[in-house]
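For reference, the structure discussed in these notes is given below.
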Ligand SMILES: O=C(O)CCC(=O)C(=O)O
Ligand SMILES: [Fe+2]
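The structure is reproduced here in structure tokens:
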């Protein structure tokens, strides 16, 4: 969806689930997911709680009320653009793709924070730092419980006037035989009608960006991507 390499498609399949209401998906589910609806709903709920915990920590770091961001993400108070995505990148032998081909083109996510879940033995995610790409280790601590990657998104960057930077990332074919890759992403967004007013922190100086609602911000990002794709 956020593909920024429009000349080539990404070698991936993705299934997006919009917000659940009272534990129920608000869209038809593919048959294999139907028996797991309640389980997925619980998982998404937990992802959202974790994101609001992260947002509380960020608020503390910025010296503002702990709930300043979290209150604007309270799902009980209305709809939001939060999305849970399941990704599948099919196995491809190195001979079947060009050096330029990519599993997911370089992009940043649109929302406030994203949680990313990878599986052991399925590398490929890379993050752009100071102009160069670095692999994100799948299991850096060799733990039985895998780490969850937390990325700041474009909305949080806009909201903090660029203080928090949205992470530019991509998924490449690992060298040699790629194998299948499965990942999960939870894109957390504020309530649609949350106004992205200046964050009242001394660290967020001179917020001069237009005050959009979260929904307007998302629509602007989607429109920008569509324009790029159509280019
Ligand atoms: O598969 C991954 O690890 C990354 C997916 C991703 O960045 C996205 O869907 O926005
Ligand atoms: Fe992403």
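Residue numbers (the numbering used here): 70 to 300.
Using N, Cα and C, we set each Cβ at its ideal position, and we do this for glycine too.
Residue i versus the options, residue with shortest Cα-Cα distance
i, options, result
"residue 164", "297, 276, 270, 244", "244"
"residue 174", "237, 180, 289", "237"
"residue 147", "99, 190, 259", "259"
"residue 113", "100, 85, 137, 134", "85"
"residue 89", "99, 106, 187", "106"
"residue 264", "104, 257, 285", "285"
"residue 120", "155, 254, 102", "254"
"residue 92", "169, 266, 278, 144", "144"
"residue 127", "242, 220, 251", "220"
"residue 257", "206, 272, 266, 182", "182"
"residue 156", "129, 135, 188, 202", "188"
"residue 168", "289, 296, 241", "241"
"residue 215", "197, 198, 252, 180", "252"
"residue 150", "117, 166, 124", "117"
"residue 186", "194, 202, 179", "194"
"residue 184", "103, 266, 115", "115"
Near ligand 2: residue i beta-carbon under 8 Å from a heavy atom
i, result
"residue 177", "yes"
"residue 224", "no"
"residue 238", "yes"
"residue 282", "no"
Whole-number beta carbon distance between residue j and residue i, since they are thought to touch under 8 Å
i, j, result
"residue 141", "residue 79", "Contact doesn't hold; Cβ gap of about 31 Å is too wide."
"residue 211", "residue 275", "Contact doesn't hold; Cβ gap of about 44 Å is too wide."
"residue 218", "residue 226", "Contact flag wrong, Cβ pair sits at about 17 Å."
"residue 249", "residue 159", "6 Å"
"residue 271", "residue 130", "Actually they do not touch by this definition, with Cβ atoms about 12 Å apart."
Residue i CB to nearest heavy atom of ligand 1 below 8 Å
i, result
"residue 80", "no"
"residue 113", "no"
"residue 173", "yes"
"residue 187", "yes"
"residue 213", "no"
Heavy atom of ligand 4 within 8 Å of residue i beta-carbon
i, result
"residue 220", "The model on display carries ligand 1 and ligand 2 but not ligand 4."
Worksheet item: At what residue ranges does the region 214-300 contain a whole run of the beta strand (DSSP E), taking only runs of 3 or more?
Response: You should have 218-221, 238-240, 250-257.
Worksheet entry | Segments of 3+ residues assigned as beta strand (DSSP E) that fall wholly inside the region 136-172 | Taking only runs of at least 3 residues, the beta strand (DSSP E) segments lying wholly in the region 136-172 are 152-158.
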